[in-house]
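Quick notes on the structure that follows.
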Amino acid sequence: MINKPTTIYKDFDLGFTKNPNTKDVARRVDVQAVKQSLKSLLFTNYYEKPFKPNYGSPIRGLLFQPIDLVTGTTLATEIKRCIQNFEKRVIVEDVEVHPEVDQNAFRVKIFFRVRGIKNLQELGLVLERVR
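Here the sequence shown is numbered in our numbering, starting from 1 and rising by one per residue.
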């Protein structure tokens, strides 16, 4: 019996790093590919994707609101909604948002499961406004 490869999801690396063996663009596989996709989804504004005006999230706009628990709760709700609507490979378990007033940012932890992979995964982000 031949074992099939266990790679479920794959994508190219958005950092465009070079694979040292093939000299081609490196790949992201499984959980790393999904995490990269989540970051890309969350930082996409509405109307950025052609012909899909509702794709994306309002996260960038929320970063210009006061750095407090109310905005943090809204961010957590929007992150969950965005992932549930547009990333079918992921089951969101929890989203934690902690305001960091001194750094003018939010520290976010997304706990999720990737369909086909048993372990609970964590994606940590620091959300801060630019300009």
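Yeah, the Cβ is synthetic: ideal placement off N, Cα and C, and Gly gets one too.
Between L41 and F112, the C-beta spacing is not below 9 Å. Counting only unbroken stretches of 3 or more residues, the beta strand (DSSP E) elements lying wholly within the region 65-103 are 90-100, in sequence order. For A76, same chain residues with a beta-carbon under 6 Å away, outside a window of 5 residues either side, are V95, V97 in chain order.
When DSSP states are grouped into helix, strand and coil, V114 belongs to the strand group.
Close CB contacts of E128 within its chain, under the 8 Å cut and outside five residues either way in sequence, are with L63, Q103, N104, A105, F106 (chain order).
Residues V97, H98, P99, F106 of the same chain have their beta carbon placed closer than 8 Å to that of G72, with the five preceding and five following residues left out of the count. For G124, the enclosing beta strand (DSSP E) starts and ends at 120-128. Close CB contacts of I67 within its chain, under the 8 Å cut and outside five residues either way in sequence, are with P99, E100, V101, N104, A105, F106 (chain order). Between R60 and I91, the CB-CB gap reaches or exceeds 9 Å. Here the C-alpha atom of V126 lies approximately 16 Å from the C-alpha atom of T44. When C-alpha distances from Y46 are compared across P58, K35, Q36, the shortest belongs to P58. With fewer than 16 other Cβ atoms inside 10 Å of its own Cβ, V70 counts as exposed. The beta carbons of L120 and E87 sit no closer together than 9 Å. DSSP places K52 in the coil class of the three-state scheme, outside both helix and strand.
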